[in-house]
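Counting from 1 along the sequence shown, just add 342 to a position and that's the residue number in the numbering used here. Every residue gets a Cβ at the ideal spot worked out from N, C-alpha and C, and that includes glycine. Input: a single structure, listed below in structure tokens.
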Amino acid sequence: MRELALLQHIYGNNTLLPECITIPPGDDMGGIQIGDTHLLVSTDQLIEDVHFNAQTPLEFIARKAVARNLSDVAAMAATPVGAVATACLPKRMHQAQAYQLCDEMRRWSERYSCPLFGGDIAIAGSKLHIALTVFAKPGDRGAVRRSGAEPGDIVFVSGQFGGAWTGPSGPVSRDFTFEPRIELARRLAEHPDFQVNSMIDVSDGLARDFKRICEMSGVFGQLDGSLVPVHSSAHVAASGDGLPAFIHALKDGEDYELCFTVSEEAASGVLKEIEGVPITRVGRILETATRLHAGEIQILGVDGEILSINDLGWEHHI
Ligand SMILES: [Mg+2]
Numbered sequence: 343m344r345e346l347a348l349l350q351h352i353y354g355n356n357t358l359l360p361e362c363i364t365i366p367p368g369d370d371m372g373g374i375q376i377g378d379t380h381l382l383v384s385t386d387q388l389i390e391d392v393h394f395n396a397q398t399p400l401e402f403i404a405r406k407a408v409a410r411n412l413s414d415v416a417a418m419a420a421t422p423v424g425a426v427a428t429a430c431l432p433k434r435m436h437q438a439q440a441y442q443l444c445d446e447m448r449r450w451s452e453r454y455s456c457p458l459f460g461g462d463i464a465i466a467g468s469k470l471h472i473a474l475t476v477f478a479k480p481g482d483r484g485a486v487r488r489s490g491a492e493p494g495d496i497v498f499v500s501g502q503f504g505g506a507w508t509g510p511s512g513p514v515s516r517d518f519t520f521e522p523r524i525e526l527a528r529r530l531a532e533h534p535d536f537q538v539n540s541m542i543d544v545s546d547g548l549a550r551d552f553k554r555i556c557e558m559s560g561v562f563g564q565l566d567g568s569l570v571p572v573h574s575s576a577h578v579a580a581s582g583d584g585l586p587a588f589i590h591a592l593k594d595g596e597d598y599e600l601c602f603t604v605s606e607e608a609a610s611g612v613l614k615e616i617e618g619v620p621i622t623r624v625g626r627i628l629e630t631a632t633r634l635h636a637g638e639i640q641i642l643g644v645d646g647e648i649l650s651i652n653d654l655g656w657e658h659h660i
């Protein structure tokens with residue numbers, strides 16, 4: 343089974359949706375208009391032995407379940423308003439552990455001003471599974487979509503990339519302790535000197551998620567591997583498998599940083615740092631005379647050579 347083919351099958355039915363659906367499947371959050379209210383909604387799940395294992399402390403499972411959903415809220419430059427959760431608890435889980443998980447889910451939700459107000463619990467099987475559905479309101483200039491990138495735009499990222507699973511630097515690796523960039527995204531989207539044309543949060547790898555911006559915008563994008571900010575843990579990963587650290591930065595994923603585009607004229611106004619997080623220019627949307635390359639991306643290596651995209655091994659399949 344291929345994830346990409348399944349997503350394209352889902353997106354193929356978007357035209358059948360009613361008018362009240364303002365943002366159909368294909369973005370970080372869906373949108374629905376209810377009277378005068380524009381509501382954004384997204385859902386995400388955390389599965390034992392996929393996103394964590396039986397040794398991961400419950401505090402960090404709960405934190406990640408909440409934070410990865412809120413990273414999607416950040417990708418739209420929106421403000422969270424609340425969430426509902428479902429959990430399928432394994433039969434081996436003790437009562438005290440179940441209480442702790444619920445308490446930690448509530449604690450982390452409140453920490454990000456996104457209170458839990460409903461959900462469902464089941465007890466079945468041998469693995470823990472948590473799903474969270476988060477509701478948010480767009481900023482004053484509206485939700486920032488993946489589909490707004492224009493030829494000539496400059497591509498920026500927040501933070502650093504690669505090796506998020508490597509570590510640990512504490513009790514768990516960085517993919518459990520990241521901060522969703524909600525405030526940073528809001529400050530970007532509300533800045534008077536520039537407009538953010540498109541944005542996504544990087545969960546599946548910078549190259550793969552940047553390609554999603556290009557697909558939804560119908561543009562041809564270029565990432566410059568020599569400019570991508572490489573996290574120290576990408577060097578740890580590189581020393582383990584011999585791949586260059588910048589390739590880890592491009593493909594590893596679970597970074598939960600933001601990738602966004604701004605017009606070339608406005609790009610000089612983009613701040614170098616927001617909330618203590620560096621903002622780095624990493625590429626551009628190319629001007630092309632034809633739509634031949636719409637939705638595609640090109641990646642430059644550290645010496646300016648064009649890399650083979652297959653080297654990044656992105657299409658997840660089972
Ligand atoms: Mg996302």
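On a CA-only basis, which of G424, A464, Q350, T428 is nearest S451? Give me that one, please.
Nearest in C-alpha terms to S451, of all of G424, A464, Q350, T428, is G424.
Reference A576, options K614, G505, K406, closest by Cα
Nearest of K614, G505, K406 to A576, Cα basis: G505.
Cα separation between R554 and E615?
Near 25 Å, if we compare the C-alpha coordinates of E615 and R554.
Buried or exposed: K433, going by 16 or more other Cβ atoms within 10 Å of its Cβ?
That one is exposed.
CA nearest to the CA of I639, picked from R516, L592, G484
Answer by Cα proximity: L592.
As assigned by DSSP and simplified to three states, the class of R488
R488 carries a helical assignment under DSSP once its states are collapsed to helix, strand and coil.
Please determine whether the Cβ atom of S559 lies at a distance below 7 Å from any heavy atom of ligand 1.
Flag unset: Cβ of S559 not near ligand 1.
Compute the Euclidean distance between the alpha carbons of G643 and H573, then round it to the nearest angstrom.
CA-CA distance, G643 to H573, rounds to 17 Å.
Indicate the three-state DSSP secondary structure (helix, strand or coil) for N539 in the structure shown.
If DSSP states are grouped into helix, strand and coil, N539 belongs with the strands.
Contacts around E657, its chain only, beta-carbon distance under 8 Å, and the 5 residues preceding and following it disregarded
Any reading at E657 must be qualified, since the residue scores a pLDDT of 49, below 50, and its modelled position is unreliable; the value itself is stated next. Hits under 8 Å: R344, E345, L346.
On the CB-based measure, 16 or more other CB atoms within 10 Å of its CB, does H590 come out buried or exposed?
For H590, the number of other beta carbons within 10 angstroms of its own is at least 16, and it is reported as buried.
Nearest-angstrom Cα distance between I463 and I621?
Rounded to whole angstroms, I463 and I621 show a C-alpha spacing of 40 Å.
What does a CB cutoff of less than 6 Å around Q564 pick up in its chain, not counting 5 residues either side in sequence?
The beta carbon of Q564 is closer than 6 Å to those of G625, R626, L628, Q640 in its chain, skipping five residues each way along the sequence.
Among the candidates P513, Q439, E617, G567, whose CA atom is the shortest distance from the CA of E647?
Ranking the options by Cα distance to E647, first place goes to G567.
The beta strand (DSSP E) spanning S384 covers which residue range?
S384 -> beta strand (DSSP E) spans 379-389.
By Cβ distance, which residues of its chain are closer than 7 Å to A636, with the 5 residues on each side in sequence left out?
Non-local C-beta neighbours of A636 in its own chain, meaning closer than 7 Å and more than five positions away in sequence, comprise G560, V561, F562, ordered along the chain.
Spatial neighbours of I660 within its chain, please: C-beta separation below 7 Å, excluding the five flanking residues on both sides.
Any answer about I660 is weak, because its pLDDT of 41 lies below 50 and its placement is not dependable; what the coordinates show is given next. Cβ neighbours of I660 within its own chain (closer than 7 Å, five residues either side excluded): M343.
What does the alpha-carbon distance come out to for the pair Y353 and L381?
So the alpha carbons of these two residues sit roughly 20 Å apart.
Quick check: R528 and A419, are their CB atoms within less than 8 Å of each other?
Against a cut-off of 8 Å, the Cβ pair of A419 and R528 comes out as a contact.
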